[in-house]
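For reference, the structure is listed below as structure tokens.
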Amino acid sequence: MAVAACGGRGAGLCPLLLPLLFLPGLAAGPAGMLQPRDTPSRERRELGGLWSFRADLSPGRDAGFAQRWYRRPLRQSGPVIDMPVPASFNDITQDPSLENYIGWVWYEKEVLLPLRWLQGDPAPRVVLRFGSAHYYSIVWVNGVQVVEHEGGHLPFEADISSVVQGSPGTLCRITVALNNTLTPHTLPPGSIQYMTDKTRYPKNYFVQNIRFDFFNYAGIHRPVVLYTTPAAYIDDITVTTTSSDSVAMVQYQVSVVGSTANSLSLSLRDQEGKVVATGDGPVGELKVLNPNLWWPYLMHENPGYLYSLEVKMQAQVGEALLEDVYTLPVGIRTVHVTSTQFLINGRPFYFHGVNKHEDADIRGKGLDWPLIVKDFNLLRWLGANSFRTSHYPYAEEIMDLCDAYGIVVIDESPGVGIKLLESFGNKSLQHHLAVMEELIRRDKNRPSVVMWSVANEPASELPPAAHYFKTVIAHTKALDPSRPVTFVTDANYALDHGAPYVDVICVNSYFSWYHDPGHLEVIPLQLTAQFENWYKTYQKPIIQSEYGADSVPGLHSDPPLMFTEEYQKAMLREYHAVFDKKRKEYVIGELIWNFADFMTSQGTTRVLGNKKGIFTRQRQPKAAAFVLRDRYWKIANESSCLPPVITSHSLFLK
């Protein structure tokens, strides 16, 4: 796997790729990507906390490879600082050069492994797994390279059994070299620009350019886990569901690695622990009578219903009879798209939700449980039933709660900022296809995920976009025929070369903000024309996937002026009036931009980030949050798909 090119803000040579050409890299393979869980046959250990950290500040950013920092403890090759994991490294210190650093940084953690992980005949399999690290990672264990991975938002792992079980003692030293440089062929793309005017810039000065409006945070952003399985183990499980009023079928496929299974049994249990269906063998289906369907939040009195699918495998390995057990949450639901509707379990579903970011003070994009729980509480307070993972896949921990709470997800790849012509070439295309494989492998069994989004606001008016998106969307559908596929466009309806291949039109527009700024009166005409033109051309349902206005908390003006809370409220109401007319026809959703304020690169149009949130970055409501809350609860209570029993005050208590 080719490593991303490297760079850095400030003086210094662009880091060289040469050191990597001599490393026997092991790319992350196409194996299953089951989320690590504790089971009777598996153990997991999170490695969060403080790691040793160093940014490579050498002129070429290549000292770490030239001096082989991975061969010995990092502290022995120079100074280190403490760095929390998971977290972005950018905002942790008082060093401004680290805030905008581009290039290689190094992490290290030393852990002691239990003896039971290292012994036995056969010994258990020991796996090192990263929830995500942005952007390009190379990992060593005890000085031995075990994996490298491109991409900043999806998990990767390595079987390290032979390394740790062949080393003396129980010490496991994990070293990570991480590079955050973006090129025209990464996802998201970027470019390195050298400033050659020696009268204005130091020698070899370069900057990282990006074409997306959020900060390019970097670091080990999600949990690092060591986990074990038996030597023969359940590698992957794929589940799809169909249902009628009284019967559901759960189709499954189980893959096993390490030996041919002597026996493979499955038990589906309801939330009370009662077995409702059983099966055996690697492929089959389970029949569930009178199933509890998985319903979205506010669409049923018991949203997010999950069964537990317990898979047990026994296999003979040498003289040992090994057993592996894995339990997968399963939601029974169906998704179908017509020319005017989005149906979940056969009933019309209207997306009234938000776009988000993984973003917060200090920790950047690092996983943070208090923030996650706060955000879900705010979503439910708001009456939001859905969100898009703008503009990259979110943490598995977030997705778990979507499954459990009934929050519907449009699961988006990191294909944001695809603007340059060279980003539509074969090199970029092949990487995009690989990213979709990784995303679907991770999230294919989640009932909350109802649609894949392959990109956000690409330059889809360029002619190469036709082949590019036809290929990506066809590949996505081949990997998962059970879900619709879209991408989010801001192109003109008559010029968009990718739109013919999507199942749902998702369109972003900012009338009276980026277009005709300050003129709220143009919204009804322009937004109505937008919807009518798209529908007339494609006869597909439409989601307003972004709309909104910046507002500085506490800034007021009457009559409304831009950047005030009053202007944000007024813009929303103008959009809502058109939505209410068109959702009676073919508009199937509205997603506000954005749930909360978030950090961006510095620029003359951004004052400490993007202020389009209806909540501040600290999750305090602006006036627009109350406007949206009133609207979303009204839509939920008026929805014709709600059974009468759930119009009770107990569910809609605000």
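Residue numbers (the working numbering): 481 to 1134.
For glycine and all other residues, C-beta sits at the position ideal for the given N, C-alpha and C.
Close Cβ partners of residue i (< 6 Å) along its chain, the five nearest in sequence each way excluded
i, result
"A508", "Per-residue confidence for A508 stands at a pLDDT of 38, beneath the threshold of 50, marking its modelled position as unreliable; no derived number is given."
"T900", "Per the sequence shown, the amino acid found at residue 900 is Leu instead of Thr. P664, listed in sequence order."
"Q1048", "A1029, S1031 and A1104"
"V449", "As displayed, the chain neither begins before 481 nor continues past 1134, which places residue 449 out of reach and without an answer."
"S788", "R749 and T807"
"G505", "With a pLDDT of 33 at G505, under the threshold of 50, the predicted position of this residue should be treated as unreliable, though the coordinate-derived value follows. Correct list, in chain order: E628."
"T869", "D891 and E892"
"M894", "The sequence shown places Pro at residue 894, rather than the Met named in the question. H633, L667, P668 and Y872."
"P944", "F904"
Within 8 Å, strictly: CB atoms of residue i and residue j
i, j, result
"K836", "F867", "yes"
"I985", "A935", "no"
"H614", "G529", "no"
"I672", "E588", "no"
"A800", "N742", "no"
"L808", "H816", "no"
"V1107", "L1071", "no"
"V810", "L786", "yes"
"P1021", "Y1066", "yes"
"P559", "R541", "no"
"R524", "Y707", "yes"
"A728", "V768", "yes"
"S612", "L634", "yes"
"T661", "G544", "no"
"S1119", "Y830", "yes"
"K792", "S735", "no"
"R1097", "K854", "no"
"L851", "A840", "yes"
"N570", "Y616", "no"
"A657", "W586", "yes"
"P710", "P594", "no"
"L1000", "A1057", "no"
"G798", "D601", "yes"
"Y973", "N1013", "yes"
"H701", "S568", "yes"
"N825", "S723", "yes"
"V591", "N622", "no"
"L862", "R609", "no"
"P520", "V737", "no"
"F1043", "F1075", "no"
Burial state of residue i, where buried means 16 or more other Cβ atoms lie within 10 Å
i, result
"P776", "buried"
"G998", "exposed"
"R596", "exposed"
"H1036", "exposed"
"I1115", "buried"
"Y674", "exposed"
"L1005", "exposed"
"V607", "buried"
"H911", "buried"
"F832", "Residue identity check: residue 832 is His in the sequence provided, not Phe. Buried, since its Cβ has 16 or more Cβ neighbours within 10 Å."
"I842", "exposed"
"A712", "buried"
"E752", "exposed"
"Q1010", "buried"
"W1073", "buried"
"D536", "buried"
"L1041", "exposed"
"H995", "exposed"
8 Å CB neighbourhood of residue i in its chain, flanking five on each side removed
i, result
"T969", "E937, P938, S940, D976, G978, A979, I985, C986, V987 and N988"
"I920", "W932, T956, L959 and D960"
"F1059", "Q1024, V1067 and E1070"
"L501", "Low per-residue confidence applies at L501: pLDDT is 29, beneath 50, and the placement is therefore not dependable enough to give any value."
Sequence-distant residues of its chain with Cβ nearer than 7 Å to residue i (five each side left out)
i, result
"K1091", "D1030, S1031, V1032 and D1077"
"I651", "Reading off the sequence shown, one finds Leu at residue 651, where the question assumed Ile. So the list reads E590 and L592, once near-sequence residues are dropped."
"I953", "V934, V965, Y981 and V982"
**OP:** Entirely within the segment 703-727 and at least 3 residues each: give me those beta strand (DSSP E) ranges in chain order.
**Re:** Runs of the beta strand (DSSP E) inside the segment 703-727: 704-709 and 713-723.
**OP:** Identify every run of the alpha helix (DSSP H) within the segment 531-565, keeping only runs that are complete inside it and at least 4 residues long; order them along the chain.
**Re:** Restricting attention to alpha helix (DSSP H) runs no shorter than 4 residues, the segment 531-565 encloses them at 543-546, ordered along the chain.
Original post:
Counting Cβ pairs closer than 8 Å, one from the segment 761-769 and one from the segment 905-920, do we hit at least three?
Top reply: The segment 761-769, when compared against the segment 905-920, does not touch it at the 8 Å Cβ threshold.
Original post:
Which runs of the beta strand (DSSP E) spanning at least 3 residues fall entirely within the segment 961-1015, listed in chain order?
Top reply: 965-969 and 985-988, all fully within the segment 961-1015.
**OP:** Examine the Cβ distances between the segment 1079-1097 and the segment 681-695 and report whether three or more of them are shorter than 8 Å.
**Re:** Cβ pair count under 8 Å is three or more, so yes.
Original post:
Going along the chain, which unbroken runs of the beta strand (DSSP E) with 3 or more residues stay wholly within the segment 915-956?
Top reply: Within the segment 915-956, the complete beta strand (DSSP E) runs of at least 3 residues are 929-936.
**OP:** Give, in chain order, every unbroken run of the beta strand (DSSP E) that is at least 3 residues long and sits entirely within the segment 750-797.
**Re:** 755-760, 763-769 and 787-797, all fully within the segment 750-797.
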